[in-house]
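Note sheet for the following structure.
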Amino acid sequence: MNIKKIIALLLTTLLVMGTFVGCGNDKTKESSQTDDKKVEETEDNGSDEKEAQEKESDLSGEVVYWSMWSENEPQAEILKGAIERFEKANPNVIVDVQWQGRGVRDLVIPAIEGGQKLDIFDSDPVGMYTSLGESLLNLDELYASPSVSDPSKTLAETILPSLVKWDKSLADGVELSGHFSVPYAPYAVTWFYNKDHFEKAGIKSAPKTWEDLDAVCASLKEAGYKPITVDDAYYSMMFSYYLDRAITNDEVAKLVSDNTGESWDDPLVVQAIEAFEDFYNKGYFASEVETNKYPAGQQQVALDEATMYFNGTWLPAEVSATTGPDFNWGQFTFPTVPNGKGKITDLTFGGQAFLANAKTDNKEATFELLKYFVDTETQQAFSDAGLTACTVGTKWPESIADAQAIVSEADKNINWGANLSGDFAEAIVVPEMVNVMIGKSTAKEFIEKMKKEAKTYAK
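For the sequence shown, the positions run -24 to -1, 1 to 435 when mature numbering (1 follows the signal peptide of the UniProt record, and there is no 0) is used.
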């Protein structure tokens, strides 16, 4: 090989090696830059996490929560998840939970009065307001604070307005100023019906007036359905709510306590019992009403044997083993009645509620845990489990979706049974009203008996 070829070969080799070395340097440089970036990002992330932890660690100590749920109930499992998220976000706080079950009310009162360590508990708030009053912690500050789910909104803005208003009314009722509970697990008393029956009977919409309900019943009967059923556990409900729509529940309370009997001559009261006599005469009540023992009435609806039943939002869950998951439930609120003083937005609704001890020694952590109990993640878990949610925008189970809209629009909370209660109502009014529903007595006979019995019962 001559000298020129050797030199050319050497130059070519050096050129190729230089190219690879250059590429290698570029890749090394790029790798170095990437590593530097990763270190920088890691440092930034570490800084962010540290700042977050420092912020989360502002709360410390212990929060003691006595629950109305038993440990293996669905509600308890959901609340355990909320507590776990709270403790993760607030690692310096320990939550001591005691799953007391339904007897919690009987335990909480002596515990608070005796100075026992207790921060949060849940129960029916009506009884707690009455029994504990000023021993309850004022929650106005909590209501005005940012919610966990959406810090741009206050906690009050994330809770169904009707529940917020209800809590305020409970406080007003015992002469307290402000909010002292956070309602959740809401319920409502409405008409429940089979939407498939309505569709097959050609009914386009739920009734809003008593005249509408009359027309709905006529269409259902013509289509071969038993329009309305009830059983002994809820005999009084339909009549009591008609009275509420007619004269308001406050006047119902006066009616059943009137020892003179004169209130039974009120034209709207007479109209109420005549309306039930009219429905009997038209064949709108299922013939089994006379003998139905709970839960026979609701089972008639579940078994597709009757269309409508007046009850609470727990009904679909109670009969789910009979109906299965595909039953086409609908709800509508009790309709208005001719010349009535009650409004269609008057509703019996309520729920359980979280309350706090006025003597808590860890108010800040108590408030924060309460926020987690009623944030959208927790409430969505309630809905996913077939239960009701207390937060705005969280959909209820499909079986009670109509009831959610009814609760959202509710303006006034009326007492359970619209105040048709007490010894006279239970012993005299309700049995005689049932006799009218089943054709054993007339509306006129009912009124005469009420006037007479009101006087003698008082003696």
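Virtual Cβ for every residue (Gly too), placed ideally from N, Cα, C.
{"Asked": "Exposed or buried, G369, counting other C-beta atoms within 10 Å across all chains shown (16 or more means buried)?", "Found": "exposed"}
{"Asked": "Short of 8 Å in beta carbon distance, which residues of its chain neighbour Y270, apart from the five on each side in sequence? Order them along the chain.", "Found": "D207, D208, A209, Y210"}
{"Asked": "Between I85 and the rest of its own chain, which residues show a CB-CB distance below 6 Å, the 5 nearest in sequence each way excluded?", "Found": "S107"}
{"Asked": "With V102 and D72 assumed to form a contact (beta carbons below 8 Å), what rounded beta-carbon distance in angstroms separates them?", "Found": "The Cβ separation is near 27 Å, so there is no contact."}
{"Asked": "What first and last residue would you give for the alpha helix (DSSP H) that runs through D126?", "Found": "Where D126 is concerned, there is no enclosing alpha helix (DSSP H), given that its DSSP letter is neither H nor E."}
{"Asked": "Out of N170, A194, L94, point me to the one whose CA is closest to R81's CA.", "Found": "L94"}
{"Asked": "Determine whether the beta carbon atoms of S111 and A334 lie at a separation below 8 Å.", "Found": "yes"}
{"Asked": "Could you give the distance in angstroms between the alpha-carbon of K129 and the alpha-carbon of N257?", "Found": "54 Å"}
{"Asked": "Drop a sphere of 10 angstroms on the beta-carbon of W372, count the other beta-carbons inside from all chains shown, and report buried for 16 or more, exposed for fewer.", "Found": "buried"}
{"Asked": "Classify M284 as helix, strand or coil using the three-state DSSP reduction.", "Found": "strand"}
{"Asked": "Roughly how many angstroms separate the alpha carbons of I390 and E238, rounded to a whole number?", "Found": "24 Å"}
{"Asked": "Just the C-alpha distance for F303 and Y169, rounded to the nearest angstrom, thanks.", "Found": "10 Å"}
{"Asked": "Quick check: what's the CA-CA separation for A164 versus I54?", "Found": "22 Å"}
{"Asked": "Which residue wins for smallest C-alpha separation from residue 443, given the options V295, G79, I376?", "Found": "Nothing about residue 443 can be reported from this structure: the residues present for the chain run from -24 to 435 only."}
{"Asked": "Can you tell me whether A282 is buried or exposed? The criterion is at least 16 other CB atoms within 10 Å of its CB, across all chains shown.", "Found": "buried"}
{"Asked": "For residue 503 and K141, what's the separation of their Cα atoms in angstroms?", "Found": "The structure shown has nothing for residue 503, since the chain only spans -24 to 435."}
{"Asked": "Can you give the beta carbon distance from L292 to I204, rounded, assuming they're within the 8 Å contact cut?", "Found": "This sequence places Pro at residue 292; Leu is not what is there. With 8 Å as the limit, P292 and I204 do not qualify as a contact, their Cβ atoms being about 18 Å apart."}
{"Asked": "Using C-beta distances below 6 Å, list every residue in its chain close to A177, excluding the 5 sequence neighbours before and after it, in chain order.", "Found": "S195, L196, A199"}
{"Asked": "Nearest to Y217 by CA position, among I423, A419, V406, is which residue?", "Found": "V406"}
{"Asked": "Compare the Cα-Cα distances from H155 to each of A329, E429, V383 and report the closest residue.", "Found": "A329"}
{"Asked": "Below 8 Å between beta carbons: does that hold for A332 and L83?", "Found": "no"}
{"Asked": "Taking DSSP as the reference, what is the three-state secondary structure of I179?", "Found": "coil"}
{"Asked": "Can you tell me whether D254 is buried or exposed? The criterion is at least 16 other CB atoms within 10 Å of its CB, across all chains shown.", "Found": "exposed"}
{"Asked": "So within the stretch 91 to 170, which uninterrupted beta strand (DSSP E) runs reach at least 3 residues, ignoring any that extend past its ends?", "Found": "96 to 99, 157 to 170"}
{"Asked": "To which residues does DSSP link N333 through a beta bridge?", "Found": "L112"}
{"Asked": "Rounded to the nearest angstrom, what separates K184 and F62 at their Cα positions?", "Found": "44 Å"}
{"Asked": "In angstroms, rounded to a whole number, what distance separates the CA positions of K64 and D220?", "Found": "49 Å"}
{"Asked": "Tell me the DSSP secondary structure of T367 in three-state form.", "Found": "strand"}
{"Asked": "Whole angstroms is fine: what's the gap from S121's alpha carbon to L346's?", "Found": "12 Å"}
{"Asked": "For S145, does the count of other Cβ atoms within 10 angstroms reach 16, so buried, or fall short, so exposed?", "Found": "exposed"}
{"Asked": "Looking only at its chain, what residues have a beta carbon closer than 6 Å to the beta carbon of Q74, apart from the 5 residues adjacent to it on each side?", "Found": "W42"}
{"Asked": "Going by DSSP in three states, P314 sits in which element: helix, strand or coil?", "Found": "coil"}
{"Asked": "Going along the chain, which residues of its own chain have a beta-carbon closer than 7 Å to the beta-carbon of T342, five neighbours each way excluded?", "Found": "V39, D95, I96, A332, T336"}
{"Asked": "Would DSSP call T185 helix, strand or coil?", "Found": "strand"}
{"Asked": "Does the distance from the C-beta atom of W167 to that of F308 stay below 8 Å?", "Found": "yes"}
{"Asked": "In terms of alpha-carbon separation, which member of T224, L118, A87 lies closest to T321?", "Found": "T224"}
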